[in-house]
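The structure under discussion appears below in the form of structure tokens.
In UniProt numbering, the protein residues as written are 1 to 119.
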């Protein structure tokens, strides 16, 4: 049965999320969302059900509103790494959602690793 693009995305997202939850060991989840115009990332504590830190191109102080390119993703990755360190978090799981680990998602992950996050 042929699935459309959205259904394939949702299948990938659930598959990734279930694998992460099975291996969590109390680590927080670094969840990424990418739209056609913006990119955002959240550091989520699934045990407590709270968002510890977040960063997005929608934040005015970052000056990236409406930008969705590799450079913006790298800046968001560095910002979330800095905010995670302030919150006292170093070890996380990278939740790419249903997005392929390529391009903007990879740039964000690499910048977060350079900023000190381990995943």
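Even glycine gets a Cβ: it sits at the ideal position worked out from N, Cα and C.
query                                                                                                   : result
As assigned by DSSP and simplified to three states, the class of residue 101                            : coil
Pair within 8 Å by beta-carbon distance, residue 43 and residue 28                                      : yes
Cutoff 6 Å; reference residue 73; Cβ partners in own chain excluding five residues on either side       : 39, 104, 107 and 108
Unbroken alpha helix (DSSP H) run spanning residue 17, endpoints                                        : 5-22
Residue(s) in a DSSP beta bridge with residue 94                                                        : 30
Residue environment, residue 87, which counts as buried when at least 16 other CB atoms sit within 10 Å : exposed
Nearest residue (CA-CA) to residue 18, options 113, 100 and 95                                          : 95
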